[in-house]
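Everything on this sheet refers to the single structure shown next.
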Amino acid sequence: MFRTTVLTVGKRVSLVLGLPAALFAVWWFATAGSTDFYVPPLSVILQKFGEVWTGARLESDVLPSLLRLGAGYLLAVVTGVGLGLLVGLSRIVRDVLEPVLELFRAVPPPVLVPVIMLFAGIGDTMKIIVIVSGCLWPILLNTVEGVRAVDEVLSDTCRSYGIDGPARLWHLVLRSASPQIVTGMRQSLSIGIILMVISEMFAASNGLGFTIVQFQRSFAIPEMWSGVLLLGLLGFVLSLLFRLAENRALAWYHGLRRAQRTP
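Quick note, the sequence shown lines up with residues 525 to 787 if you use the numbering used here.
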């Protein structure tokens, strides 16, 4: 039993880390001995990585970025799930809001950055709103579809047992729609990271995106690549943490799917 568990964990770790390790190996050998100013060897980038991203730099630039990402992402989750429940449960609300939602969903969030700057200024509020404007839509649309796909048999069963109001919303609607809601949250996380960097490239004084642009403008190319590398590692770690949280929150759903696949 213990040996089987170790083998299973080892297999999962190899699947998760195998492709990144292979890409790093290709990058290392492809750039080894490079004399191109804009494409330095990976060894030089890693050396600069250790020199640039010290504890003080992480606190002054990376931590503010993570706080903005967290605030914008959580606000998008609360707004998207709440509005998605309202739209999904009410046909009248859906008919009224659907044209407006489709209009705003079609507008790329980076285009809204100059507009948001006019109303929210250039502080953290602007950056959080930019993140919300992109993260909201996958969560909202997936919540709507999840709510509309609630099993009618389960809904009739709840009605028969007198389960209504908040209890029905919590125990039936949200649980049934949670797999699709989590799918929207996963999509929004990657969008949020992108918008975090984009928002920090406009009139910012700190943040990961601001630092990368400053390195690029001063032609500190290895330092710039180290920032890009840190951004990729950050996205990778956040994705792993989200997957762990998803597996814990939706353990019942994944177990049900495994049971259904078992002959």
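Beta carbons: idealized from backbone N, C-alpha and C, even for Gly.
- Thr603 carries a helical assignment under DSSP once its states are collapsed to helix, strand and coil.
- Looking at the backbone, the Cα of Val620 and that of Leu610 are separated by about 12 angstroms.
- Annotation for Asn730: no alpha helix (DSSP H) segment contains it, and DSSP assigns it neither H nor E.
- A Cβ-Cβ contact shorter than 7 angstroms links Phe726 with Val637.
- With respect to Asn666, Gly708 sits close: the two C-beta atoms are nearer than 7 angstroms.
- Cα atoms of Thr555 and Lys572: separation of roughly 15 angstroms, rounded to the nearest angstrom.
- When DSSP states are grouped into helix, strand and coil, Tyr777 belongs to the helix group.
- For the pair Leu719 and Gly658, the CB atoms are nearer than the 7 angstroms cut-off.
- Counting along the chain, Gly686 sits inside no alpha helix (DSSP H), nor does DSSP assign it H or E at all.
- About 6 angstroms separates the beta carbons of Val654 and Pro633, which is inside the 8 angstroms limit, making them a contact pair.
- DSSP places Gly756 within a helical segment (H, G or I) once states are collapsed to three.
- With respect to the 7 angstroms criterion, Ile715 and Gly759 are not classified as neighbours on the basis of their beta carbons.
- Taken in chain order, the complete alpha helix (DSSP H) segments of 4 residues or longer contained in the stretch 547–576 are 566–576.
- Annotation for Leu755: Ile717, Val721, Leu732, Ile736 place their beta carbon closer than 8 angstroms to its own, counting only its chain and skipping 5 residues before and after.
- No Cβ-Cβ contact shorter than 7 angstroms links Cys682 with Leu693.
- A residue is called buried once 16 or more other Cβ atoms fall within 10 Å of its Cβ, and Val668 is buried on that count.
- With at least 16 other beta carbons inside 10 angstroms of its own, Val674 counts as buried.
- Straight-line measurement puts the Cα of Leu547 at about 23 angstroms from the Cα of Glu575.
- Burial state of Gly557 is exposed, judged by a 10 Å Cβ sphere holding fewer than 16 other Cβ atoms.
- By the neighbour-count criterion, in which 16 or more other beta carbons inside 10 Å mark a residue as buried, Tyr597 falls on the buried side.
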